[in-house]
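Colleague: Quick one: structure below, then a few questions.
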Amino acid sequence: MRTSAEYFRLALSKLQSCDLFDEFDNIPCKKCVVVGNGGVLKNKTLGEKIDSYDVIIRMNNGPVLGHEEEVGRRTTFRLFYPESVFSDPIHNDPNTTMILTAFKPHDLRWLLELLMGDKINTNGFWKKPALNLIYKPYQIRILDPFIIRTAAYELLH
20 MRTSAEYFRL
30 ALSKLQSCDL
40 FDEFDNIPCK
50 KCVVVGNGGV
60 LKNKTLGEKI
70 DSYDVIIRMN
80 NGPVLGHEEE
90 VGRRTTFRLF
100 YPESVFSDPI
110 HNDPNTTMIL
120 TAFKPHDLRW
130 LLELLMGDKI
140 NTNGFWKKPA
150 LNLIYKPYQI
160 RILDPFIIRT
170 AAYELLH
């Protein structure tokens with residue numbers, strides 16, 4: 020049985036990059052915005068304002084397509100977990116960096132199985148995760164699990 024650390028190491032070895040800011044290296048100060056997906060932006064026509072930021076971070080599978088006037092067109096980073104990632108290719112923006120937030124060993128195993136083209140084991144998920152990956156390995160990163168642990172046990176306690 021593999022450990023979380025093994026899944027993490029193997030998944031990282033299948034990804035093409037771990038860098039985040041290739042195109043932003045020459046910008047000394049970046050304006051960032053985090054856009055949620057709870058519907059609070061509906062009919063607010065903030066899309067143009069949101070797109071004016073240097074870095075646009077979105078959560079999970081909050082749609083952009085069809086909602087550009089409210090939420091903008093661009094996404095720099097999209098944080099996700101296996102149960103919340105898009106599986107329909109219509110949502111793939113090749114300019115978006117997808118960041119897996121792995122909350123459990125199953126999340127890392129899921130990513131590794133997808134990257135290797137293996138059969139996906141869906142046991143251990145609260146809802147069925149995506150069974151195909153619409154993103155290319157160059158688009159995917161893994162949030163350092165230490166950050167999640169620190170947030171859960173030190174910042175939120």
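Residue numbers for the sequence shown follow my numbering, beginning at 20 and rising by one.
Ideal Cβ placement from N, Cα and C applies to all residues, glycine included.
Quick check on DSSP: helix, strand or coil for residue 167?
Modeller: Taking the first residue of the sequence shown as position 1, residue 167 is located at position 148. Looking at residue 167 - three-state DSSP - the assignment turns out to be helix.
Colleague: Are the CB atoms of residue 91 and residue 66 within a distance shorter than 8 Å?
Modeller: Against the sequence shown, residue 66 aligns to sequence position 47. Against the sequence shown, residue 91 aligns to sequence position 72. Going by C-beta atoms, residue 66 is nearer than 8 Å to residue 91.
Colleague: Counting Cβ pairs, one atom from each stretch, are 3 or more of them under 8 Å apart for the region 129 to 142 and the region 104 to 112?
Modeller: No: fewer than three Cβ pairs fall under 8 Å.
Colleague: Could you check the C-alpha separation between residue 109 and residue 117 for me, to the nearest Å?
Modeller: Numbered from 1 along the sequence shown, position 90 holds the residue referred to as residue 109. Numbered from 1 along the sequence shown, position 98 holds the residue referred to as residue 117. Cα-Cα distance, rounded: 15 Å.
Colleague: Just to confirm the assignment, what range does the beta strand (DSSP E) spanning residue 99 have?
Modeller: Position 80 of the sequence shown, counting from 1, holds the residue named residue 99. It spans 96 to 99 - the beta strand (DSSP E) in which residue 99 sits, taken as one unbroken run.
Colleague: Could you spell out where the alpha helix (DSSP H) holding residue 69 opens and where it closes?
Modeller: Taking the sequence shown and counting its residues from 1, one reaches residue 69 at position 50. It spans 66 to 70 - the alpha helix (DSSP H) in which residue 69 sits, taken as one unbroken run.
Colleague: Check each candidate in 98, 111, 141, 140 and name the one with the smallest Cα separation from residue 120.
Modeller: To locate residue 120, count along the sequence shown from 1; it is residue 101. The candidate whose alpha carbon is nearest that of residue 120 is 98.
Colleague: For a test of the three-state rule: what should DSSP assign to residue 162, helix, strand or coil?
Modeller: To locate residue 162, count along the sequence shown from 1; it is residue 143. Residue 162 falls in the coil class under three-state DSSP.
Colleague: With a cut-off of 8 Å on the beta carbons, I'd call residue 164 and residue 26 a contact; round off their distance for me.
Modeller: In the sequence shown, counting from the first residue as 1, residue 164 sits at position 145. In the sequence shown, counting from the first residue as 1, residue 26 sits at position 7. Their Cβ separation, rounded to whole angstroms, is 10 Å, which puts residue 164 and residue 26 out of contact at 8 Å.
Colleague: Can you name, in chain order, every residue of its own chain whose Cβ lies under 7 Å from the Cβ of residue 29, other than the five neighbours on each side?
Modeller: Walking along the sequence shown from the start, residue 29 turns up at place 10. Same-chain partners within the cutoff: 131.
Colleague: So, is residue 166 buried or exposed, given that buried needs 16 or more other C-beta atoms within 10 angstroms?
Modeller: Walking along the sequence shown from the start, residue 166 turns up at place 147. With fewer than 16 other Cβ atoms within 10 Å, it is exposed.
Colleague: Would you check if the distance between the CB atom of residue 101 and the CB atom of residue 126 is smaller than 8 Å?
Modeller: Counting from one through the sequence shown, the residue named residue 101 turns up at place 82. Counting from one through the sequence shown, the residue named residue 126 turns up at place 107. The answer is yes: Cβ separation under 8 Å.
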